[in-house]
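Peer 1: Questions regarding the structure given below will be posed in turn.
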Amino acid sequence: MDVNIHVLRDAVAARIGEAGIRILTYALIATVGIACAWVLVFQIDLAVIGLLVGCIYALGAVGLSLVYGNMHFPNVAHGDYMTAGAFVALAVMLSLVPESWNQNSVGPFTFPYTIFIALPIGMIAIAVLSIVIDRVVFRHMRIRGAHIGVMTLGSLGIAIALRGFIQYLWGTDIEQYPRVSKKFLTFQVEMLDTTIRVPPDMLFVAVVALLLTFAMYLFLKLTKWGKAMRAAADNEDLARVSGIDVERTNLLTWGISGAMAAAAGILLAAGQGQLLTISGWKLLIPMFAAVVAGGIGNPYGAFAGAIFIGLVGEVSTAWLEPTYKPAVFFAAIIVLLLVRPRGIFGESRI
Amino acid sequence: MNTEPHSNAARALLSVNALAAGYGQSLIVRGVSLRIGQNEIVTIIGPNGSGKSTLIKSIFGLTKIESGKINLRGQDITNEHTDRLVRMGIGYVPQAANVFPQLTVQENVEMGAFSLLGDVAPRVRRMREMFPLLEERWSSRAGHLSGGQRQVLALARALVTEPDILLLDEPTAGLAPQIVDSVLHQIAEINRRGVSILLVEQNAVKALKISDRAYILARGQNHFHDSAAAMLDNSEIGKIFLGMEGTSESETDARHRR
Chain A
1 MDVNIHVLRD
11 AVAARIGEAG
21 IRILTYALIA
31 TVGIACAWVL
41 VFQIDLAVIG
51 LLVGCIYALG
61 AVGLSLVYGN
71 MHFPNVAHGD
81 YMTAGAFVAL
91 AVMLSLVPES
101 WNQNSVGPFT
111 FPYTIFIALP
121 IGMIAIAVLS
131 IVIDRVVFRH
141 MRIRGAHIGV
151 MTLGSLGIAI
161 ALRGFIQYLW
171 GTDIEQYPRV
181 SKKFLTFQVE
191 MLDTTIRVPP
201 DMLFVAVVAL
211 LLTFAMYLFL
221 KLTKWGKAMR
231 AAADNEDLAR
241 VSGIDVERTN
251 LLTWGISGAM
261 AAAAGILLAA
271 GQGQLLTISG
281 WKLLIPMFAA
291 VVAGGIGNPY
301 GAFAGAIFIG
311 LVGEVSTAWL
321 EPTYKPAVFF
331 AAIIVLLLVR
341 PRGIFGESRI
Chain B
1001 MNTEPHSNAA
1011 RALLSVNALA
1021 AGYGQSLIVR
1031 GVSLRIGQNE
1041 IVTIIGPNGS
1051 GKSTLIKSIF
1061 GLTKIESGKI
1071 NLRGQDITNE
1081 HTDRLVRMGI
1091 GYVPQAANVF
1101 PQLTVQENVE
1111 MGAFSLLGDV
1121 APRVRRMREM
1131 FPLLEERWSS
1141 RAGHLSGGQR
1151 QVLALARALV
1161 TEPDILLLDE
1171 PTAGLAPQIV
1181 DSVLHQIAEI
1191 NRRGVSILLV
1201 EQNAVKALKI
1211 SDRAYILARG
1221 QNHFHDSAAA
1231 MLDNSEIGKI
1241 FLGMEGTSES
1251 ETDARHRR
């Protein structure tokens, strides 16, 4: 991606010159600035929703980026880990807990109490699944020095197989996530002459996504094993020489990214109230876009990239049909990469 | 030709006996023997491809050992895992990529102490006090340090475990001459604190000046062995291996490397 962007940039520069590129960049920054100011004044409600949507993208994208940083390949199965997590949580809510538990909810939220049991179980289940798949498939490819392309195709195989297995168990129909029927409430804030309406469920989902991402940040920054994971991503040979068990940091990477993927899948399903076997797969493109926008292999960048995509996508609906959202944020990413070819924060920095 | 008296092995802190090692099918070290006593600085010199780095890597368990023995305080450590070797008191600083560029200086030092159990904070603090150069940059990313600062950080990363012996693979490679002197000075300083040092060096003359003894390797075998002082006085060795009196192969190589 990076190389293609360089080629594109050089091609543009050859036609309009470096000065042209500079003028184009300034014009772009001015346009973005005016657009941002305009959005703040007139579309702040869309911007807030965009931020919240970005938080869910972020939860998925951060895990994807973590795996890229440590394993050096894009795990195409990440979206299906999200779906699998959401189905495990659904199974817990529908069959492992008494039916009556699904009838009550906290405060203004429409999802039942049981989500608090289902979320950690789903996260643990997918963390284990992710580790097992690494042990059985990716580890063997890694040891044999498989090329990044082979690893990526391997993960595509896992994605398709996992989705097939879920469809075999649940069918391909839309599954309804348990909901408690309540009068539809929204949080309303009057600001700059605009009323910001936020569905409480969405706010909850965004806050949990933020908390989980922050917890991962603290783990990576403050704990011995978190630092070891960053060290192994940074310089694997030196990590081994320092006595770090790199196989164990790999295991941790898969476990954390699997748990984060499951959380993203569950929160997304809880927020939307429904679940499809292709829910996660459909999110893969925006998540990859977030990873690239933030700087490949850099989870903090992926977080920023996801927020960027969420914002751009939602705000664009002020002018365009929502179906054009992907086109809009990809256009925004191409522009972003022309200005910063290595993404917002640069590559592989955990 | 001078071969190693094996009877001394029992007294040595670290001894290598008739070691043959390499990568995959190819043998690079072919029957090398050496020993390092308590508190000694021992330098290994030799032309490119003579097996110096491979030897030091083999001692630290990073190559495939075909035959021979490595002993630490008389205990066999041949083919031992690196994390065990770290706990047994061996520190190793690789030649290139010897810091974690994205981690801070403090985190780099902490990672050196990874395999130790218990609270490592006091040891990390001692490294900070020992190297004022690092203290100034304590919270910076290692990738932002200069070449000399990186080498000092690499030494601190290996020293934090308080090893009895440090294995250093060309710690001055790629550094400007005045920085080379400062890094070698640091190494001599570390030795004065009671750490034995096995040093592989291209800057042979400078390294010999801080060393007690030296071994010359050629084609993966012991070629010559003497005290560092005697080696510096030996005009034939000086001419062939140390680049003194005219330009020898090793000196030309060293210049090309820079």
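Chains as they are written, first to last, in the numbering used here: chain A, 1 to 350; chain B, 1001 to 1258. Positions of the beta carbon are idealized from the N, C-alpha and C atoms, including for glycine. Values in this document were obtained by computation on a predicted structure and should not be read as measured data.
1) Does residue 242 (chain A) come within less than 8 Å of chain B when only Cβ atoms are used?
2) Taking the alpha carbon of residue 132 (chain A) as the point to measure from, which residue in A:16, A:333, A:253 and A:268 has its own alpha carbon closest?
3) Going by Cα to Cα distance, which pick from A:197, A:294 and A:278 is closest to residue 162 (chain A)?
4) Tell me whether residue 1191 (chain B) sits in a helix, a strand or coil according to DSSP, three-state version.
5) So for residue 318 (chain A), helix, strand or coil by DSSP?
6) Excluding five sequence neighbours on each side, which residues of the same chain lie with their C-beta closer than 6 Å to the C-beta of residue 88 (chain A)?
7) Excluding the 5 residues preceding and the 5 following residue 180 (chain A) in the sequence, name in chain order all residues of the same chain whose CB lies nearer than 6 Å to its CB.
8) Beta carbon of residue 1092 (chain B), beta carbon of residue 1208 (chain B): below 8 Å?
9) To the nearest whole angstrom, what separates the beta carbons of residue 1056 (chain B) and residue 1200 (chain B), a pair I think is in contact under 8 Å?
10) Would the stretch 1140–1158 of chain B count as touching the stretch 1094–1113 of chain B if we require 3 or more Cβ pairs under 8 Å?
11) Got a sec: is the Cβ-Cβ distance from residue 235 (chain A) to anything in chain B below 8 Å?
12) Taking 8 Å as the CB-CB limit, is residue 1101 (chain B) close to chain A?
13) Looking at the strands, I want to know which residues DSSP matches up with residue 1141 (chain B).
14) Considering just the uninterrupted stretch of the alpha helix (DSSP H) at residue 232 (chain A), what are its terminal residues?
15) I'd like to know whether the C-beta of residue 1157 (chain B) is nearer than 8 Å to at least one C-beta of chain A.
16) Assuming residue 69 (chain A) and residue 297 (chain A) are in contact, meaning their beta carbons sit under 8 Å apart, how far apart are those beta carbons, in whole angstroms?
17) Between residue 302 (chain A) and chain B, is there a C-beta pair that is closer than 8 Å?
18) I'd like to confirm the pairing. Which residues does DSSP put opposite residue 1180 (chain B) in its beta bridges?
19) Can you find a CB in chain A that lies within less than 8 Å of the CB of residue 1097 (chain B)?
20) Exposed or buried, what is residue 1075 (chain B) when buried is set at 16 or more other beta-carbons lying within 10 Å of its beta-carbon?
21) Closest by CA to residue 284 (chain A), which one among A:59, A:37, A:30 and A:117?
22) According to the Cβ coordinates, are residue 1215 (chain B) and residue 1034 (chain B) closer than 8 Å?
23) Measuring only between beta-carbons, confirm whether residue 230 (chain A) sits less than 8 Å from chain B.
24) State the Cα-Cα distance for the pair residue 1139 (chain B) and residue 1109 (chain B), rounded to the nearest angstrom.
25) On the CB-based measure, 16 or more other CB atoms within 10 Å of its CB, does residue 1107 (chain B) come out buried or exposed?
26) Alpha carbon to alpha carbon, how far is residue 118 (chain A) from residue 61 (chain A)?
27) On the three-pair Cβ rule with 8 Å, is the stretch 303–310 of chain A touching the stretch 326–343 of chain A?
28) Chain B partners of residue 227 (chain A), CB-CB under 8 Å?
29) Is residue 42 (chain A) helix, strand or coil when you go by DSSP?
30) Using CA coordinates, which residue listed in A:25, A:53, A:17 and A:235 is at the minimum distance from residue 206 (chain A)?
31) Comparing C-alpha positions only, which one of A:134, A:44, A:15 and A:216 sits nearest to residue 81 (chain A)?
32) For residue 1134 (chain B), tell me which candidate among B:1118, B:1194, B:1153 and B:1120 has the shortest Cα-Cα distance.
33) Based on DSSP bridge pairs, tell me the residues matched to residue 359 (chain A).
34) List, in order along the chain, the chain A residues whose C-beta lies closer than 9 Å to that of residue 1226 (chain B)?
35) Does the distance from the CB of residue 1211 (chain B) to the CB of residue 1042 (chain B) come in under 8 Å?
36) Exposed or buried, residue 1132 (chain B), counting other C-beta atoms within 10 Å across all chains shown (16 or more means buried)?
Peer 2: Reading it off the structure:
1) yes
2) A:253
3) A:278
4) helix
5) coil
6) 122 and 125
7) 105, 110 and 112
8) no
9) 5 Å
10) yes
11) yes
12) yes
13) B:1104
14) 224–234
15) yes
16) 4 Å
17) no
18) None, per the DSSP bridge assignment.
19) yes
20) exposed
21) A:59
22) yes
23) yes
24) 11 Å
25) buried
26) 22 Å
27) yes
28) 1103, 1107, 1110 and 1111
29) helix
30) A:53
31) A:134
32) B:1153
33) Because residue 359 (chain A) is not part of the residues shown, which for chain A are 1 to 350, the question remains open.
34) The contacting residues do not exist; residue 1226 (chain B) stays about 31 Å from chain A at best.
35) yes
36) exposed
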